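This report concerns only the one structure given below.
Right, dumping it as structure tokens:
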């Protein structure tokens with residue numbers, strides 16, 4: 001294995017590699033909103049279980065003084081994704097409602113950069129990069145690698161990861177920090193396999209560090 005280098009390397013270990021965070025790294029939290037959590041109008045099963053792992057990631061990135069982004073659905077009341085307009089979903093994350101707010105249990109810092117998506121009635125967006133200018137603004141800040149987590153694995157996380165990789169970013173995938181909707185059983189596993197197949201690196205948090213584990217499919 002390669003020796004660790006700030007912002008992009010791995011520390012030697014017999015089975016796992018600690019990822020050294022530094023300049024160029026950022027955390028991107030996808031759609032941790034009340035409507036996607038238990039009790040919400042489009043709740044992801046057991047979606048609340050990702051809050052603790054994501055808070056651990058927030059603490060890690062804050063400790064390193066690295067940028068934290070948080071995307072959110074920010075829909076108008078007659079959005080095209082809603083069933084009444086012919087879309088596949090019940091109304092959710094309508095702008096300026098409690099359902100659209102970030103979970104109060106999420107330790108999102110005040111200086112987190114909020115990315116609103118799907119803000120027009122006739123345009124939907126699963127990806128945080130779709131129509132938001134996010135890739136351009138990240139490049140302007142010198143960001144080259146993202147850890148992407150949140151809800152849901154098989155929709156907004158999947159599309160955000162794929163678009164991020166296509167835009168040229170390295171992507172770390174904290175698997176404990178995401179859950180799937182599973183409209184069709186197995187959708188979550190298929191989404192993870194697709195992201196890994198495109199080069200995302202599966203990671204976990206251990207001892208205050210991000211750890212890439214080849215046993216989870218990390219290609220080092």
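Numbering (our numbering), first residue to last: 1 to 220.
For each residue, glycine too, the CB sits at the ideal point set by N, CA and C.
Given the structure is predicted, the values throughout are model-derived calculations rather than measurements.
Could you give the first and the last residue of the continuous beta strand (DSSP E) run that contains residue i?
i	result
residue 150	145 to 151
residue 201	201 to 206
residue 166	First-last for residue 166: 158 to 166, but that is the alpha helix (DSSP H), not the beta strand (DSSP E).
residue 45	Per DSSP, residue 45 belongs to no beta strand (DSSP E) and is neither H nor E.
residue 25	25 to 30
residue 126	Run containing residue 126: none; DSSP gives neither H nor E here.
residue 212	209 to 212
residue 56	It is not in any beta strand (DSSP E) - residue 56 instead sits in the alpha helix (DSSP H) that spans 51 to 63.
residue 18	17 to 19
residue 172	170 to 174
residue 81	Element bounds for residue 81: n/a, residue is neither H nor E.
residue 72	68 to 73
Whole angstroms is fine: what's the gap from residue i's alpha carbon to residue j's?
i	j	result
residue 34	residue 140	31 Å
residue 180	residue 54	15 Å
residue 28	residue 201	15 Å
residue 166	residue 74	24 Å
residue 193	residue 149	15 Å
residue 65	residue 85	43 Å
residue 210	residue 101	28 Å
residue 164	residue 188	19 Å
residue 208	residue 186	31 Å
residue 25	residue 67	8 Å
residue 153	residue 212	19 Å
residue 9	residue 18	Here the model assigns residue 9 a pLDDT of 37, short of 50, so the residue's position is not dependable and the matter cannot be decided.
residue 151	residue 160	11 Å
residue 110	residue 183	34 Å
residue 69	residue 46	23 Å
residue 174	residue 48	15 Å
residue 62	residue 113	13 Å
residue 39	residue 32	13 Å
Return the chain-ordered list of same chain residues with a C-beta closer than 6 Å to the C-beta of residue i, the five sequence neighbours on each side being excluded.
i	result
residue 58	107
residue 170	145
residue 131	125
residue 119	74
residue 172	147, 201, 203
residue 135	129, 167
Spatial neighbours of residue i within its chain, please: CB distance less than 8 Å, with the 5 preceding and 5 following residues excluded, ordered by chain position.
i	result
residue 176	50, 53, 204, 205
residue 158	126, 191, 194, 195
residue 78	84, 85, 121
What residues in its chain sit with their C-beta under 7 Å from that of residue i, if we drop five residues either side in the sequence?
i	result
residue 5	Because residue 5 carries a pLDDT of 28, less than 50, the predicted location of this residue cannot be relied on, and no value is offered for it.
residue 41	35, 90, 91, 92, 99
residue 198	162, 165
Throw me the rounded Cβ distance for the residue i and residue j pair, which I believe falls under 8 Å.
i	j	result
residue 71	residue 117	6 Å
residue 156	residue 44	Contact doesn't hold; Cβ gap of about 10 Å is too wide.
residue 76	residue 123	Their Cβ separation, rounded to whole angstroms, is 10 Å, which puts residue 76 and residue 123 out of contact at 8 Å.
residue 60	residue 103	Wrong, their Cβ atoms sit about 19 Å apart, outside the cutoff.
Starting from residue i, trace the alpha helix (DSSP H) both ways and give me its first and last residue.
i	result
residue 135	134 to 140
residue 196	187 to 197
Let me check you understand the geometry: is the CB of residue i closer than 8 Å to at least one non-hydrogen atom of the ligand NAD?
i	result
residue 144	This structure lacks the ligand NAD, and indeed carries no ligand of any kind.
Do the stretch 86 to 100 and the stretch 129 to 143 meet, that is, are 3 or more Cβ pairs less than 8 Å apart?
At 8 Å Cβ cutoff, the stretches do not touch.
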